[in-house]
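K.L.:
Mapped onto UniProt numbering, the consecutive letters of the sequence shown carry residue numbers 7 to 346. All residues carry an ideal CB built from backbone N, CA and C; glycine is no exception. So that we are looking at the same thing, I have put the structure below in structure tokens.
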Amino acid sequence: PSPLVAVSDLKVQIGTDDGLVRAVDGVTFDVPRGRTLCIVGESGSGKSVTGRALMNLLPPSGRIAAGSILYAGRDGQAVDVTRLDPRGRQIRSLRGKEISLISQEPMAALSPVHTIGQQLVPVIRRHLNLSKKAAQARAVEMLGRVGIPRPAERLNNYPFEFSGGMRQRVCIALALSCRPRLLIADEPTTALDVTTQANIIDLLQELQREDGLSILFITHDLGVVAEIADDVAVMYLGRIVERGTVDEIFADPRHPYTRALLKSVPRLGSGRGSRLAAIRGMVPSPFERPQGCDFHPRCEAAIKGVCDTIDPGTITIGPRRGVRCILAREPAALGGAAHG
Ligand code: SF4
Ligand code: MG
7 PSPLVAVSDL KVQIGTDDGL VRAVDGVTFD VPRGRTLCIV GESGSGKSVT
57 GRALMNLLPP SGRIAAGSIL YAGRDGQAVD VTRLDPRGRQ IRSLRGKEIS
107 LISQEPMAAL SPVHTIGQQL VPVIRRHLNL SKKAAQARAV EMLGRVGIPR
157 PAERLNNYPF EFSGGMRQRV CIALALSCRP RLLIADEPTT ALDVTTQANI
207 IDLLQELQRE DGLSILFITH DLGVVAEIAD DVAVMYLGRI VERGTVDEIF
257 ADPRHPYTRA LLKSVPRLGS GRGSRLAAIR GMVPSPFERP QGCDFHPRCE
307 AAIKGVCDTI DPGTITIGPR RGVRCILARE PAALGGAAHG
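Below, the structure written as structure tokens:
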């Protein structure tokens with residue numbers, strides 16, 4: 007399928023008290039129509055910043071420094087999101103209507119002092135240009151679709167009157183009520199118990215099948231990746247170190263970092279809540295990117311005199327596969343997949 011969004015050599019800088027951080031440092035990927043790309047990485051890898059950049063929704067201290075984000079509009083015209091004024095009319099019409107975000111903490115997306123209906127109905131009216139009555143009907147329909155019982159009554163409830171899982175469903179209803187074409191889901195299930203997580207993932211997949219929604223799913227949880235991804239991009243220090251289809255990544259990981267992540271997942275497939283275990287060494291400070299390969303200080307396969315000197319760049323080894331490692335072409339060198 008043709009990409010809905012194509013990101014090319016994207017760089018994002020964030021100003022901090024200690025100086026400028028290159029939070030995203032040259033990432034290239036796309037999200038095909040009707041498919042799910044998972045961005046995986048430890049905290050601080052730049053995955054959330056990447057997701058927010060797609061909506062040009064960065065913190066005030068952040069800016070897109072280079073690259074392009076081509077979004078294929080409904081009219082067939084491509085829009086470069088990086089060229090739009092972050093506060094301008096054009097990007098605001100994309101956010102919510104075309105591209106929606108759900109995040110880890112549903113409370114942050116909802117106003118505590120307004121009922122669900124007071125929040126859902128105006129958004130639907132504005133984006134879909136409906137009468138109040140029609141927008142109300144659409145709100146009830148959406149709440150029903152995301153599995154909230156007695157949706158017409160629940161419209162009058164405040165966010166605190168819902169459980170965590172139900173609140174996340176409300177956020178999904180809010181995010182999808184305007185029929186976006188791209189959903190950016192940033193750790194949407196991390197705060198939820200395992201059963202609720204599974205329900206939310208099933209729900210997203212169902213909505214995707216029905217509406218052809220494209221999903222960018224950001225997570226550190228490889229169990230979730232195995233469930234939901236079509237394609238996977240593994241991020242480390244603001245760069246994609248490996249990308250490929252979910253089968254390629256799980257069956258034949260080529261980057262030592264990906265292999266370490268997979269090894270650290272106990273009983274893959276059984277534990278949706280399993281987390282990345284620690285990989286030896288620390289994630290380097292974003293101010294001190296290592297010489298040579300970014301991963302060499304922690305890499306068990308590092309070659310002295312080579313990996314600490316030469317940045318391997320991204321080596322393309324398949325139609326949708328790229329690996330930032332000099333060993334990218336050697337499937338057996340490190341023992342292949344360690345799970346199963
Ligand atoms: Fe490890 Fe060298 Fe590959 Fe970097 S280039 S991931 S240090 S083997
Ligand atoms: Mg994050």
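Decide if lysine 139 is buried, meaning its Cβ has at least 16 other Cβ atoms within 10 Å, or exposed.
P.N.:
Under this definition lysine 139 is an exposed residue.
K.L.:
In whole angstroms, what separates the C-alpha of glycine 47 from that of serine 137?
P.N.:
Cα to Cα, the separation comes out at about 43 Å.
K.L.:
Taking only the alpha-carbon atoms, compute the straight-line gap between valine 329 and valine 33 and give it to the nearest angstrom.
P.N.:
Roughly 12 Å between the two C-alpha positions.
K.L.:
Comparing the CB of alanine 308 with every heavy atom of the ligand SF4, is any distance shorter than 7 Å?
P.N.:
Correct: alanine 308 has its Cβ closer than 7 Å to the ligand SF4.
K.L.:
Confirm the yes/no value for this check: CB of proline 262, any heavy atom of the ligand SF4, distance under 7 Å.
P.N.:
Proline 262 Cβ: within cutoff of the ligand SF4.
K.L.:
If you drop the 5 nearest sequence neighbours on each side, which residues of the same chain put their C-beta closer than 6 Å to that of proline 337?
P.N.:
Hits under 6 Å: Asp258.
K.L.:
In three-state terms, what does DSSP make of lysine 139?
P.N.:
Three-state result, lysine 139: helix.
K.L.:
Any heavy atom of the ligand SF4 closer than 7 Å to the beta-carbon of leucine 268?
P.N.:
For the ligand SF4, not one heavy atom lies less than 7 Å from the Cβ of leucine 268.
K.L.:
Quick check: the Cα distance between serine 276 and valine 240, rounded to an integer number of angstroms?
P.N.:
In this prediction, serine 276 has a pLDDT of 45, which is less than 50 and means its spatial position is unreliable; nothing more can be read from the coordinates.
K.L.:
Given this structure, state the Cα-to-Cα distance separating leucine 107 from methionine 172, to the nearest angstrom.
P.N.:
If you take the alpha carbons of leucine 107 and methionine 172, they lie about 17 Å apart.
K.L.:
Residues in its own chain within less than 7 Å of glycine 25 by CB, not counting five upstream and five downstream?
P.N.:
Here the set comprises Phe293.
K.L.:
Between the Cα of tyrosine 242 and the Cα atoms of Arg144, Arg304, Leu149, Arg58, which residue gives the shortest distance?
P.N.:
Cα-wise, what sits closest to tyrosine 242 is Arg304.
K.L.:
Determine the direct distance from the alpha carbon of valine 13 to that of aspartate 217, and round the result to whole angstroms.
P.N.:
Computed Cα separation, rounded: 23 Å.
K.L.:
Going by C-alpha to C-alpha distance, which of Ala143, Asp314, Ala115, Leu210 sits closest to glycine 40?
P.N.:
Out of Ala143, Asp314, Ala115, Leu210, Leu210 has the C-alpha closest to the C-alpha of glycine 40.
K.L.:
Is the closest heavy atom of the ligand SF4 to the C-beta of proline 296 under 7 Å?
P.N.:
Outside the cutoff, so no.
K.L.:
If distances are taken between C-alpha atoms only, which option among Gly82, Asp192, Glu254 comes closest to valine 11?
P.N.:
For the residues Gly82, Asp192, Glu254, the minimum Cα distance to valine 11 belongs to Gly82.
K.L.:
Do glycine 94 and aspartate 15 have their beta-carbon atoms positioned less than 8 Å apart in this structure?
P.N.:
No. Outside cutoff.
K.L.:
Shorter than 7 Å, the distance from the beta carbon of proline 290 to the closest heavy atom of the ligand SF4, or not?
P.N.:
No, the beta carbon of proline 290 sits no closer than 7 Å to any heavy atom of the ligand SF4.
K.L.:
At which residues does the alpha helix (DSSP H) containing proline 128 begin and terminate?
P.N.:
Per DSSP, proline 128 belongs to the alpha helix (DSSP H) from 122-134.
K.L.:
In three-state terms, what does DSSP make of valine 27?
P.N.:
Reduced to three states, the DSSP call for valine 27 is strand.
K.L.:
Bridge partners for threonine 264 per DSSP, in chain order?
P.N.:
Answer by DSSP bridge pairing: none, since threonine 264 is not bridged.
K.L.:
Got a sec: does the ligand SF4 put a non-hydrogen atom nearer than 7 Å to the Cβ of leucine 100?
P.N.:
Answer for leucine 100: no, Cβ out of range of the ligand SF4.
K.L.:
Return the first residue and the last residue of the alpha helix (DSSP H) that alanine 253 is part of.
P.N.:
Note on residue identity: the sequence assigns aspartate, not alanine, to residue 253. From DSSP, the alpha helix (DSSP H) with aspartate 253 extends over 252-257.
K.L.:
Within its chain, find whatever has a CB closer than 8 Å to the CB of glutamate 111; leave out the 5 residues flanking it on each side and keep chain order.
P.N.:
Result list for glutamate 111: Ala197, in chain order.
K.L.:
Below 8 Å on the Cβ atoms is my contact criterion, and I expect residue 396 with arginine 28 to pass it. Report the Cβ-Cβ distance as a whole number of Å.
P.N.:
Look at the range of the chain in this structure, 7 to 346, and you will see that residue 396 is not part of it.
K.L.:
Cβ of alanine 232 within 8 Å of Cβ of proline 262?
P.N.:
Result no, Cβ atoms of alanine 232 and proline 262 do not sit closer than 8 Å.
K.L.:
Strictly by DSSP, which residues pair up with arginine 245?
P.N.:
The partner list for arginine 245 (beta bridge, DSSP) reads Tyr242.
K.L.:
Is isoleucine 321 near the ligand SF4, with its Cβ less than 7 Å from a heavy atom?
P.N.:
Checking the Cβ of isoleucine 321 against the ligand SF4 gives no.
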